[in-house]
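Student: Can you read through this structure? Questions will come right after.
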Amino acid sequence: NAGVMQNPRHLVRRRGQEARLRCSPMKGHSHVYWYRQLPEEGLKFMVYLQKENIIDESGMPKERFSAEFPKEGPSILRIQQVVRGDSAAYFCASSPGMPANEQFFGPGTRLTVL
Amino acid sequence: GQQVMQIPQYQHVQEGEDFTTYCNSSTTLSNIQWYKQRPGGHPVFLIQLVKSGEVKKQKRLTFQFGEAKKNSSLHITATQTTDVGTYFCAAEIKAAGNKLTFGGGTRVLVKP
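For the record, the sequence lines run as chains S and X. Sequential numbering of the first sequence, starting at 1, is according to the numbering used here. Sequential numbering of the second sequence, starting at 1001, is according to the numbering used here.
Here it is in structure tokens:
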């Protein structure tokens, strides 16, 4: 009974490169959320997706960031042309129903931009 | 601006003592959840409160939802070193859309 999977766990990119973060939700969960966390700070909501649909992307920067949750395969958070300020831990969570339900978090991807 | 405020930001506790962390909002909350994140780890769900004035207990942890559904508290008795971590509250705020809004967290350090 695997939990939420995220890979890679650590990702190093140089400025200007692309970062792709993957998240496989728990079995049976069709709701996925992406959060960003800076050191010593809280979780900042980025985007909420259901299969093939973006429900709420109000927390995601309009430029360089995109997310998808295809019918088959994991959810992907994509950051183009990364900058040093993108360095953070990115957590994915999933739930079987609406966001008000318990969310199960993955181990996170720690992105470092050199 | 931040709609869910947590205080204190840091809590240094002597092992065996009690402490309380608070979560406050200026708007009415549909429900509130609490999560714990160990150092270097990921958030783990602890509890959800839905009803006004609701109180729930988990061993040494007592969670309360305010009567006006604008605040919540987590009280830990007889703190242990295993309680180290950051405790986050998260709320569904209708005005904020269909998502959870997390507080900034209370970072708990336990002195043995």
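Beta carbons are placed, not taken as given, at the ideal position from N, Cα and C, and that holds for glycine.
I want to see whether chain X comes within less than 8 angstroms of E41/S, judged by CB atoms only; does it?
Tutor: Working through the first sequence from its first residue, we reach residue 41/S at position 41. By this cut-off, E41/S is an interface position.
Student: With a threshold of 16 other CB atoms inside 10 Å of the CB of E1067/X, please say whether the residue is buried or exposed.
Tutor: As a first step, residue 1067/X must be located in the second sequence, where it is residue number 67. Result: exposed.
Student: For R84/S, which three-state DSSP category applies?
Tutor: Against the first sequence, residue 84/S aligns to sequence position 84. Helix.
Student: Give the residues of chain S in contact with H1075/X, contact being defined as C-beta atoms less than 7 angstroms apart.
Tutor: For the purposes of this step, residue 1075/X is taken as residue 75 along the second sequence, with counting starting at 1. The premise fails here: H1075/X is roughly 21 angstroms from chain S at the closest Cβ pair, so nothing lies under 7 angstroms.
Student: Run down chain S in chain order and give the residues with a C-beta less than 7 angstroms from the C-beta of G1103/X.
Tutor: Within the second sequence, numbered from 1, the residue matching residue 1103/X stands at position 103. Within 7 angstroms Cβ-Cβ: G42.
Student: Compare the C-alpha of H1042/X against each of D56/S, M60/S and V4/S and name the closest.
Tutor: Working through the second sequence from its first residue, we reach residue 1042/X at position 42. Ranking D56/S, M60/S and V4/S by Cα distance to H1042/X puts V4/S first.
Student: Which residue comes first and which comes last in the beta strand (DSSP E) that contains F1019/X?
Tutor: In the second sequence, the residue the question calls residue 1019/X occupies position 19. Note, F1019/X: beta strand (DSSP E), F1019 to S1025.
Student: I want to verify the contact list: residues of chain S whose CB lies under 7 angstroms from the CB of H1012/X, in sequence order.
Tutor: In the second sequence, counting from the first residue as 1, residue 1012/X sits at position 12. Residues of chain S passing the Cβ test: none, with the nearest at roughly 15 angstroms.
Student: Between G1040/X, K1069/X and V1044/X, which has its C-alpha nearest V1050/X's C-alpha?
Tutor: Looking up residue 1050/X in the second sequence gives position 50. Checked all of G1040/X, K1069/X and V1044/X; the closest Cα to V1050/X is K1069/X.
Student: In three-state terms, what does DSSP make of T1077/X?
Tutor: Position 77 of the second sequence, counted from the first residue, corresponds to residue 1077/X. In this structure, T1077/X counts as coil in the three-state DSSP scheme.
Student: Taking C-beta pairs closer than 7 angstroms, name the residues in chain X that G106/S reaches, listed in chain order.
Tutor: Numbered from 1 along the first sequence, position 106 holds the residue referred to as residue 106/S. Neighbours of G106/S on chain X, chain order: H1042.
Student: If we ignore side chains and look at the alpha-carbon of each, how far apart do C1023/X and G1085/X end up?
Tutor: Locating residue 1023/X in the second sequence gives position 23, where the first residue counts as 1. Locating residue 1085/X in the second sequence gives position 85, where the first residue counts as 1. One C-alpha to the other measures close to 16 angstroms.
Student: Chain X partners of F91/S, CB-CB under 9 angstroms?
Tutor: Sequence index remark: in the first sequence, residue 91/S carries index 91 (1-based). The answer, in chain order, is H1042 and P1043.
Student: Per DSSP, what kind of secondary structure is A1068/X in: helix, strand or coil?
Tutor: On the second sequence, position 68 is the one that residue 1068/X refers to. Coil.
Student: Can you confirm whether Q1033/X, when its beta carbon is compared against all beta carbons of chain S, has any partner nearer than 8 angstroms?
Tutor: Sequence index remark: in the second sequence, residue 1033/X carries index 33 (1-based). Cβ-Cβ to chain S under 8 angstroms: yes for Q1033/X.
Student: Consider the Cβ of S58/S: report whether some Cβ of chain X lies at a distance smaller than 8 angstroms.
Tutor: Residue 58/S sits at position 58 when you count from the first residue of the first sequence. Cβ-Cβ to chain X under 8 angstroms: yes for S58/S.
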